[in-house]
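Number 311 in the numbering used here belongs to position 238 of the sequence shown; there are no gaps in the numbering. Where is the CB? At the ideal position from N, CA and C, for every residue including glycine.
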Amino acid sequence: MFSITEHPFLVPFDNSFELAKMKTSFDDLNKKSHYKKIYKSNRQKLYETQQKLYAHNKYSVLFIFQAMDAAGKDSTIRHVFRGVNPAGFQVSSFKQPSKRELDHDFLWRTAKELPQRGKIGIFNRSYYEETLVVRVHPEYLQSQQLPFDYKAKLTSSDSKGEPDLWQQRFRSINDHEHHLASNGTVIRKFFLNVSREEQHRRFKDRIDRPEKNWKFSASDLKESQLWDKYMEAYQDCLRSTSTPWAPWYCIPADNKPAMRATVSEIVLQTLKNLDIEYPQLDDDTTAKLQNFRSQLII
Ligand code: ATP
Ligand code: MG
Numbered sequence: 074m075f076s077i078t079e080h081p082f083l084v085p086f087d088n089s090f091e092l093a094k095m096k097t098s099f100d101d102l103n104k105k106s107h108y109k110k111i112y113k114s115n116r117q118k119l120y121e122t123q124q125k126l127y128a129h130n131k132y133s134v135l136f137i138f139q140a141m142d143a144a145g146k147d148s149t150i151r152h153v154f155r156g157v158n159p160a161g162f163q164v165s166s167f168k169q170p171s172k173r174e175l176d177h178d179f180l181w182r183t184a185k186e187l188p189q190r191g192k193i194g195i196f197n198r199s200y201y202e203e204t205l206v207v208r209v210h211p212e213y214l215q216s217q218q219l220p221f222d223y224k225a226k227l228t229s230s231d232s233k234g235e236p237d238l239w240q241q242r243f244r245s246i247n248d249h250e251h252h253l254a255s256n257g258t259v260i261r262k263f264f265l266n267v268s269r270e271e272q273h274r275r276f277k278d279r280i281d282r283p284e285k286n287w288k289f290s291a292s293d294l295k296e297s298q299l300w301d302k303y304m305e306a307y308q309d310c311l312r313s314t315s316t317p318w319a320p321w322y323c324i325p326a327d328n329k330p331a332m333r334a335t336v337s338e339i340v341l342q343t344l345k346n347l348d349i350e351y352p353q354l355d356d357d358t359t360a361k362l363q364n365f366r367s368q369l370i371i
């Protein structure tokens with residue numbers, strides 16, 4: 074197993090991250106069955122550590138998934154977490170914000186969905202969209218009712234030395250995640266790094282196979298045409314928000330089984346690294362248990 078600072082796909086904490094240098098596919102691919110075996114056998118171990126997390130009831134664990142369309146967020150979540158106890162697990166998906174959500178600060182809607190102590194939570198997209206899709210489409214800020222002239226903040230004004238809106242949002246996010254981590258939420262973040270070619274292959278498949286037609290969306294293709302802008306936004310975002318208390322992992326996503334196995338290993342290791350055990354009873358309570366036992370009718 075690996076340490077948090079050594080994983081090959083960890084986004085470094087020192088601002089040196091370059092997305093273009095990261096691979097979208099694995100160098101030496103094994104057979105599909107090899108990867109399946111890994112994430113299937115990890116499921117049982119994940120279930121066991123989840124039971125401990127639940128009984129211990131002091132930490133919560135949050136996994137955030139971000140990616141371009143068709144990178145495989147949903148299926149990765151499905152395959153990696155298939156074995157967990159649904160009572161201690163929740164997936165929250167964040168799409169275009171509602172009017173009510175837009176009438177709050179940008180961390181409000183996700184804060185309400187954070188996992189309780191003892192539980193595992195997944196964010197399928199998240200507040201990071203506020204520095205990704207919104208950065209690529211700054212006109213979306215118009216509907217956010219911000220109390221300042223957002224257009225003046227889209228780039229930093231060197232004369233005043235003020236950070237631009239995106240730097241301010243990164244700071245809010247880092248502070249927010251730091252606060253959560255200090256209060257018991259363990260955070261790990263995955264960027265599923267698919268290539269544009271593979272994304273288009275998957276779009277083609279959605280068009281060619283009738284049972285997949287429902288998955289194709291014209292807007293996905295439109296966003297894909299803004300690929301370079303998204304990659305710039307992702308690079309700045311991951312570089313600015315990968316921290317020791319909430320690290321990003323940039324996972325090659327062109328091969329789904331390998332990607333799932335890699336995510337599954339990080340998920341399991343995150344839970345195993347927690348300093349948790351089943352609660353120990355004191356002598357008095359243990360003695361009382363024997364008393365209760367003697368009162369049972371069988
Ligand atoms: P799938 O396509 O697999 O169902 P998805 O996450 O792509 O999953 P969609 O309904 O296709 O879901 O798209 C959701 C869209 O909402 C994405 O394009 C995303 O960028 C957008 N979105 C999410 N958060 C925000 C936000 N805060 N502001 C504006 N758009 C957002
Ligand atoms: Mg989509």
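Option in the options with minimal Cα separation from residue i
i	options	result
Leu92	Asp301, Gln218 and Glu79	Asp301
Val84	Leu341, Asn328, Cys310 and Ala331	Cys310
Ser375	Ala143, Ser313 and Thr258	Not covered by the structure: residue 375. The range shown for the chain is 74 to 371.
His273	Ala144, Ala360, Phe243 and Thr335	Ala144
Ser170	Leu294, Glu203 and Leu102	What sits at residue 170 in the sequence shown is Pro, not Ser. The shortest C-alpha separation from Pro170 is found at Glu203.
Ser98	Asp355, Ser367, Gln368 and Asn328	Asn328
Arg155	His107, Phe221 and Lys113	Lys113
Glu186	Asp348, Glu79, Gly234 and Leu135	Leu135
Phe167	Thr149, Tyr201 and Asp178	Tyr201
Ser290	Glu284, Arg279, Gln342 and Leu299	Arg279
Gln139	Tyr322, Glu174 and Leu253	Tyr322
Gln342	Lys105, Ile370 and Thr122	Thr122
His210	Trp239, Thr183 and Lys233	Trp239
Gln189	Phe162, Arg173 and Lys125	Phe162
Glu296	Glu284, Arg269 and Asn286	Arg269
Ala184	Ser199, Ile193 and Arg173	Ser199
Ile193	Ala160, Lys172 and Asp248	Ala160
CB contact flag (residue i, residue j, <7 angstroms)
i	j	result
Lys146	Asn115	no
Ala326	Asn266	yes
His251	Trp181	no
Ile195	Val164	yes
Phe86	Ser245	no
Gly191	Asn130	yes
Asp281	Asp142	no
Tyr132	Leu347	yes
Ile324	Phe263	yes
Ser216	Leu253	no
Thr78	Val336	no
Arg333	Val153	yes
Arg242	Ala306	no
Tyr16	Ala128	Residue 16 cannot be examined here, being either before or after the span of the chain that is shown, 74 to 371.
Lys125	Ile349	yes
His237	Ser229	The sequence as given places Asp at residue 237; His does not occur at that position. Yes; because the gap between Cβ atoms is below 7 angstroms, this pair is in contact.
Helix, strand or coil at residue i [DSSP, three-state]
i	result
Val84	coil
Trp318	coil
Gln240	helix
Glu235	strand
Ala140	strand
Leu135	strand
Ser196	Position check: residue 196 holds Phe in this sequence, whereas Ser was assumed. Note: Phe196 maps to strand in three-state DSSP.
Ile371	coil
Pro159	helix
Ile280	helix
Ile246	helix
Continuous alpha helix (DSSP H) stretch holding residue i: start and end
i	result
Arg260	The sequence given here places Ile at residue 260; Arg does not occur at that position. Counting along the chain, Ile260 falls outside any alpha helix (DSSP H), though it belongs to the beta strand (DSSP E) covering Thr258 to Asn266.
Val340	Lys329 to Lys345
Asn115	Lys105 to His129
Val209	Val206 to Val209
Val153	Lys146 to Val153
Ser292	Ala291 to Ser297
Phe58	With the chain running from 74 to 371 in the structure shown, residue 58 is simply not present.
Leu175	Lys172 to Leu175
Ala184	Trp181 to Ala184
Range of the contiguous beta strand (DSSP E) that encloses residue i
i	result
Gln163	Phe162 to Ser166
Contact with chain D by residue i, beta-carbon distance below 7 angstroms
i	result
Tyr303	The chain inventory of the structure shown lacks chain D, comprising one protein chain alone.
beta-carbon residue i near the ligand NAD non-hydrogen atom, thresh 6 angstroms
i	result
Gln298	Absence of the ligand NAD from the depicted structure is noted, with the ligand ATP and the ligand MG being the only ligands included.
What residues come near the ligand MG, if near means a beta carbon less than 7 angstroms from any of its heavy atoms? Asp142, Ser290 and Asp293
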